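**Student:** Going by the working numbering, the sequence shown opens with residue 3, and the numbers climb by one from there.
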Amino acid sequence: MSKNSKVLNLKDKISGNEVDLSLSNLTEVPVRELALFTKATVVDLSCNNITSLPPEFCNLTHLVKVDLSKNQLTCLPDDLGNLASLQHLDLYNNKLSVLPVSFSHLRSLKWLDLKDNPLEAVLAKAAGDCLDEKQCKQCATQVLQHMRGLQDEVDRVRQKRLLREKELERKREVKQREREAREKEARKREKAEEKEKRRKEYNAQMAAVAAREQQKKKSEEKKKKNGQAADKKAAVAKPKPQRSLIGLMFKLLLLLLLGLAGVAAACRLTDLQKEAACVPVNIAVDDGLSWAKEQEGVIRQLVQNLSSAAKEFLESTQVTKN
Numbered sequence: 003m004s005k006n007s008k009v010l011n012l013k014d015k016i017s018g019n020e021v022d023l024s025l026s027n028l029t030e031v032p033v034r035e036l037a038l039f040t041k042a043t044v045v046d047l048s049c050n051n052i053t054s055l056p057p058e059f060c061n062l063t064h065l066v067k068v069d070l071s072k073n074q075l076t077c078l079p080d081d082l083g084n085l086a087s088l089q090h091l092d093l094y095n096n097k098l099s100v101l102p103v104s105f106s107h108l109r110s111l112k113w114l115d116l117k118d119n120p121l122e123a124v125l126a127k128a129a130g131d132c133l134d135e136k137q138c139k140q141c142a143t144q145v146l147q148h149m150r151g152l153q154d155e156v157d158r159v160r161q162k163r164l165l166r167e168k169e170l171e172r173k174r175e176v177k178q179r180e181r182e183a184r185e186k187e188a189r190k191r192e193k194a195e196e197k198e199k200r201r202k203e204y205n206a207q208m209a210a211v212a213a214r215e216q217q218k219k220k221s222e223e224k225k226k227k228n229g230q231a232a233d234k235k236a237a238v239a240k241p242k243p244q245r246s247l248i249g250l251m252f253k254l255l256l257l258l259l260l261g262l263a264g265v266a267a268a269c270r271l272t273d274l275q276k277e278a279a280c281v282p283v284n285i286a287v288d289d290g291l292s293w294a295k296e297q298e299g300v301i302r303q304l305v306q307n308l309s310s311a312a313k314e315f316l317e318s319t320q321v322t323k324n
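1. Could you tell me which uninterrupted alpha helix (DSSP H) segments, each at least 4 residues in length, are contained entirely in the region 95-162, listed from first to last along the chain?
2. Would you kindly work out how many angstroms separate the C-alpha atoms of L254 and K227, rounded to a whole number?
3. Enumerated in chain order, which unbroken segments of the beta strand (DSSP E) with a length of 3 residues or greater are wholly contained in the region 10-56?
4. In three-state terms, what does DSSP make of L259?
5. Quick check: L75 and K97, are their CB atoms within less than 8 Å of each other?
6. Quick check on V68: does DSSP put it in helix, strand or coil?
7. Please state the DSSP three-state secondary structure of L308.
8. Following the continuous beta strand (DSSP E) through L91, name the residue where it begins and the one where it ends.
9. Drop a sphere of 10 angstroms on the beta-carbon of V124, count the other beta-carbons inside from all chains shown, and report buried for 16 or more, exposed for fewer.
10. Give the single residue among L256, S99, Q303, A206 whose Cα lies nearest to the Cα of K117.
11. When you compare only the Cα positions, how much space is there between E203 and A209?
12. At the level of alpha carbons, what is the spacing between L257 and L308?
13. Grouping DSSP H, G and I as helix and E and B as strand, with all else coil, what is S221?
14. Look up A86 in the DSSP assignment and say whether it is helix, strand or coil.
15. Among F39, D80, S48, which one has its Cα closest to the Cα of L65?
16. Using a Cβ-Cβ cut-off of 6 Å (strictly less than) and excluding sequence neighbours within five positions of N119, which residues of its own chain qualify?
17. Taking the straight line between their C-alpha atoms, what separation do you get for N84 and G18?
18. Take A128 and list the residues in its own chain whose beta-carbon comes closer than 6 Å to its own, dropping the five residues that flank it on each side.
19. For the 8 Å Cβ check, are there 3 or more pairs between the region 156-170 and the region 130-138?
20. Would you identify the three-state DSSP class for T272, choosing helix, strand or coil?
21. Specify the secondary structure class of T319 as computed by DSSP and reduced to three states.
22. CB E30 to CB P56, shorter than 8 Å?
23. To which residues of the same chain is C60 closer than 7 Å at the C-beta, ignoring the five residues directly before and after it?
24. How should L250 be labelled, buried or exposed, when 16 other C-beta atoms within 10 angstroms of its C-beta is the threshold for buried?
25. What do you get for N6, buried or exposed, if any count of 16 or more other CB atoms within 10 angstroms of its CB means buried?
26. Please state whether the Cβ-Cβ distance between A142 and L101 is less than 8 Å.
27. Distance, Cα to Cα, A263 vs I248?
28. Going by the CB atoms, is the gap between L36 and Q44 shorter than 8 Å?
29. If you reduce the DSSP assignment to three classes, tell me which class Q207 lands in.
30. Skipping 5 residues on each side, what residues in its chain have a beta carbon closer than 8 Å to that of L28?
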């Protein structure tokens, strides 16, 4: 059938606020079609082959009475508690063993039938026999109370789980903060160590530069002192060869004069004057004495000049030494 034919057939099954879909050989609930008729608050789905309710069934919040008896339901949707207006629910002769925890949210539920379902023992005890109107009302009250207890237990478990997760999250955050603090401290320490290393390297470089400058300065001063000492020594030592040479010349001349004087004295004052070797000497002495008498003034002037020159030389030598 098309969608339009389904809607048309469903409309034909509506009487006032009731929709009768019992004995329709249904395997699923026509949720989309039922959602179009919000005024149909009573739905009879009994005596079909429905094995489960789709999650969308929980959106039919306008439903007040639902009959799902004599089907093949093995479970109910988790959000069944969204049917806030539901007052009457017939689940007789299905295959239910448990109810969803959200069942406790059916605050308006006044009537419930769970007979002939393989319910677990605690739920079966809460449901009771439901053989008449009174017992079915008690079933609704007791099952709701039982499911609220389960809901409270679920809430407590969930709360404990949330608290545990929150505590674990808090511990993770603490560990994360501690780890970040350690990493930050390690980075800070590494940065300080690197800075200290650079500072030491810089100080070492500056010390090396200063040492080189100091060594260079000392070397220059030493060279300067050595140069000054060498210049002074050279200045002092330089005239000595001249003075030593002049002295040597004077000594040789004096020795020569003394030798000549000795020879002349020997040839004139001793018996050797008659010797042939002394004749030229005596003649030379006589000629010299004659020439000396003739050159007495010249010699005197020469001696005076030599004396002045010697005096000036000695004075200049003394000044250089100082």
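Even glycine gets a Cβ: it sits at the ideal position worked out from N, Cα and C.
Since this is a predicted model, take the numbers as computed values, not measurements.
**Tutor:** Looking at the coordinates:
1. Runs of the alpha helix (DSSP H) inside the region 95-162: 123-129.
2. The straight-line gap from Cα to Cα measures roughly 40 Å.
3. List check, beta strand (DSSP E) in window: 20-22, 44-46.
4. Of the three classes helix, strand and coil, the one that applies to L259 here is helix, per DSSP.
5. Pairing L75 with K97 gives a Cβ-Cβ distance under 8 Å.
6. The answer is strand: DSSP assigns V68 an E or B state.
7. Helix.
8. Per DSSP, L91 belongs to the beta strand (DSSP E) from 90-92.
9. Exposed, because fewer than 16 other Cβ atoms sit within 10 Å of the Cβ of V124.
10. Looking at the Cα atoms, S99 is the closest of the given residues.
11. Rounded to whole angstroms, E203 to A209 spans 10 Å at the Cα level.
12. Cα to Cα, L257 sits roughly 19 Å from L308.
13. For S221, the three-state secondary structure derived from DSSP is helix.
14. Coil, per DSSP.
15. From the listed residues F39, D80, S48, the smallest Cα separation to L65 is found for F39.
16. N96, L98.
17. Roughly 24 Å between the two C-alpha positions.
18. Answer for A128: Q144, V145, H148, listed in chain order.
19. Output reads no: the region 130-138 does not touch the region 156-170.
20. T272 falls in the coil class under three-state DSSP.
21. Here T319 sits in helix by DSSP.
22. Yes; because the gap between Cβ atoms is below 8 Å, this pair is in contact.
23. Correct list, in chain order: P79, D81, L82, N84, L85.
24. By the 16-neighbour rule on beta-carbons within 10 angstroms, L250 is exposed.
25. Only weak support is given to the placement of N6: the predicted model assigns it a pLDDT of 39, under 50, and the question is left unresolved by the model.
26. It is not a contact, given that the beta carbons lie outside the stated cut-off.
27. So the two alpha carbons sit approximately 22 Å from each other.
28. It should be noted that the sequence gives Val, not Gln, for residue 44. Cβ distance not < 8 Å, so V44 and L36 don't count as in contact.
29. In the structure shown, Q207 falls within a helical segment according to DSSP collapsed to helix, strand and coil.
30. Closer than 8 Å at Cβ, skipping near neighbours: L47, N50, N51, I52.
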